[in-house]
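Data first, discussion second: the structure below is written as structure tokens.
2 protein chains.
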Amino acid sequence: MAADDTDRQGPAWTDPSCPVARTVDLVGDRWSLLIIRDAMDGARSFTDFQQRTGIARNILTDRLRRLTQHGLLAQVDAPSGKRRRYALTEAGKDLFPVIVTLRQWGERHAFDAGEPHSVLVDGDGARVPDLLPVAANGSPLTSDTTSVRRHT
Amino acid sequence: MAADDTDRQGPAWTDPSCPVARTVDLVGDRWSLLIIRDAMDGARSFTDFQQRTGIARNILTDRLRRLTQHGLLAQVDAPSGKRRRYALTEAGKDLFPVIVTLRQWGERHAFDAGEPHSVLVDGDGARVPDLLPVAANGSPLTSDTTSVRRHT
DNA sequence: CCAATTTGGTTTCGTTTTGCAACTGATTGG
DNA sequence: CCAATCAGTTGCAAAACGAAACCAAATTGG
Chain A
107 MAADDTDRQG
117 PAWTDPSCPV
127 ARTVDLVGDR
137 WSLLIIRDAM
147 DGARSFTDFQ
157 QRTGIARNIL
167 TDRLRRLTQH
177 GLLAQVDAPS
187 GKRRRYALTE
197 AGKDLFPVIV
207 TLRQWGERHA
217 FDAGEPHSVL
227 VDGDGARVPD
237 LLPVAANGSP
247 LTSDTTSVRR
257 HT
Chain B
107 MAADDTDRQG
117 PAWTDPSCPV
127 ARTVDLVGDR
137 WSLLIIRDAM
147 DGARSFTDFQ
157 QRTGIARNIL
167 TDRLRRLTQH
177 GLLAQVDAPS
187 GKRRRYALTE
197 AGKDLFPVIV
207 TLRQWGERHA
217 FDAGEPHSVL
227 VDGDGARVPD
237 LLPVAANGSP
247 LTSDTTSVRR
257 HT
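These protein sequences, in sequence, are chains A and B.
This note's numbering puts the first residue of the first sequence at 107, with every later residue one more than the last.
This note's numbering puts the first residue of the second sequence at 107, with every later residue one more than the last.
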């Protein structure tokens with residue numbers, strides 16, 4: 107589907123100079139981040155992803171291909187003509203802080219008090235502390251105490 | 107449009123127990139996070155958002171309404187019958203770490219070396235350091251050294 | 001105060017994307 | 001070798017999206 111005419115690598119960027127926009131261009135849809143989340147949680151095969159997310163199979167095909175093309179996932183080879191498996195690339199793994207902040211926001215704002223949800227824990231089983239932007243000098247930052255500088 | 111029949115508050119959650127999925131249900135589309143980004147950068151009026159993002163006007167209407175319904179934005183209205191402005195709620199402002207991690211990933215992986223992009227700086231004009239998940243004891247964490255625990 | 005302009009949408013309509021279900025051809029397990 | 005499973009495709013209908021025209025209330029200029 108539309109993967110025929112030497113696909114001109116997408117419609118360029120939504121906002122070429124903004125890193126947020128570029129990232130959203132790559133993973134800002136209903137499924138990509140959930141696929142990444144599941145890959146981080148051990149999903150490797152087509153059906154792993156399909157069953158965990160519940161995504162339609164043709165859309166999953168498209169997303170896996172897209173994420174692979176953009177270097178977030180890779181097909182890990184099988185010696186002979188075996189079945190393919192997907193694995194996160196370094197760039198894909200590097201989305202970990204994004205997944206963590208999405209998760210932590212959800213825990214704080216998308217659940218009623220007492221409503222059960224899964225939790226991210228470290229190797230010792232302790233809950234991962236909330237991620238908070240800090241200044242060069244270590245003080246906490248918010249959107250009010252930061253600004254975007256153009257062009258650099 | 108479709109805002110008529112006492113809108114049954116959406117199709118429930120994609121994956122009810124996963125905080126990542128809930129957050130993605132709310133802001134996981136092409137525009138919502140860019141609207142949030144612009145609000146953090148000072149956008150307040152309909153045309154502010156329209157011009158900064160380039161989003162179609164009808165879609166912008168829908169997204170502003172949706173984000174408002176879900177408590178990420180609020181209309182602060184002026185005393186008399188003045189024009190409405192939008193402002194981030196506390197929950198909306200609390201997406202700051204998400205925007206920051208998206209930005210930092212983009213800076214690391216979505217630009218060629220030497221390609222110019224905007225930068226987030228603190229009050230002193232210093233670049234905000236990369237956000238990294240750490241364990242309770244302070245050691246850095248990756249997706250390989252964490253796990254999701256169900257049900258809590 | 002009044003006319004012109006701007007703002008904040010809404011409506012219409014054509015295009016794209018998404019989702020479901022059925023189907024196909026390799027792969028595997030027994 | 002046979003049946004089940006896996007990794008997709010294909011066809012089609014429904015939903016979401018986008019561009020442009022339209023409109024009423026608010027604002028501005030004179």
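C-beta atoms are modelled at their ideal positions from N, C-alpha and C, and glycine is treated no differently.
In this text, all values refer to a predicted model and were calculated from it rather than measured experimentally.
The Cβ of B:F155 sits no closer than 7 Å to any Cβ of chain A.
Under the Cβ criterion (8 Å, minimum of three pairs), the segment 194-208 of chain B counts as touching the segment 165-182 of chain B. For A:G244, no Cβ of chain B is located within less than 7 Å of the residue's own Cβ.
Within chain B, V204, T207, L208, W211 have C-beta atoms less than 8 Å from the C-beta of A:V204, given in sequence order. Distance from the CA atom of A:I161 to the CA atom of A:W137, rounded to whole angstroms, is 7 Å. Distance between B:G134 and B:D121, taken at the CA atoms: about 14 Å.
With contacts defined as CB atoms closer than 7 Å, B:L139 and A:V206 fail to qualify as a contacting pair. Boundaries cannot be given for A:L247, as no beta strand (DSSP E) includes it and DSSP labels it neither H nor E. A:V204 and B:Q175 have their alpha carbons spaced roughly 24 Å apart. At a C-beta separation below 8 Å, A:G229 has these neighbours in chain B: A241, T251, T252.
In the structure shown, A:V240 adopts extended strand secondary structure according to DSSP, grouped into three states. Here DSSP, grouped into helix, strand and coil, assigns B:V254 to strand. Nearest C-alpha to A:S151 among A:A118, A:V126, A:S123, A:K188: A:K188. Excluding sequence positions up to five before and after A:D144, its CB lies within less than 8 Å of the CB of D154, F155, R158, T159, all in the same chain and listed in chain order.
In terms of Cβ geometry, B:F217 and A:S249 do not form a close pair [threshold 7 Å]. Counted as a single uninterrupted DSSP element, the alpha helix (DSSP H) harbouring A:R172 occupies residues 163-175. A:V234 places its beta carbon 7 Å or farther from that of B:R255. Interface flag for B:R191 against chain A is unset, since no Cβ pair is found closer than 7 Å. At a C-beta separation below 9 Å, B:R172 has no neighbours in chain A, since its nearest C-beta there lies roughly 14 Å away. Of the residues assessed, B:G212 falls on the buried side of the cut-off, its CB having 16 or more other CB atoms within 10 angstroms. In chain order, F155, R158 place their CB closer than 7 Å to the CB of A:A149, counting only its own chain and leaving out the 5 sequence neighbours on each side. DSSP places A:V130 in the helix class (H, G or I) of the three-state scheme.
Taking C-beta atoms under 8 Å as the contact rule, A:D200 and B:R169 fail to qualify, at a distance of about 28 Å. Ranked by Cα distance from A:R191, the options A:L208, A:T167, A:S224 are led by A:T167.
Its Cα nearest to that of B:I141, the residue B:L173 stands out among B:S245, B:L173, B:N164, B:R128. Residue-level contact by beta carbon fails for A:G220 and chain B, as no gap is shorter than 7 Å. Residue environment for B:R171: exposed (fewer than 16 other C-beta atoms within 10 angstroms of its C-beta). When C-beta distances to chain A are compared with 9 Å, the residues of the segment 118-129 of chain B below that value are W119, T120, D121, P122, S123, C124, P125, V126, A127, R128, T129, in chain order. Annotation for B:R214: the continuous alpha helix (DSSP H) segment containing it runs 202-215. Collapsing the DSSP output to three states places A:L226 in a strand. Under the 7 Å criterion on CB atoms, A:A216 is classed as interfacial with respect to chain B.
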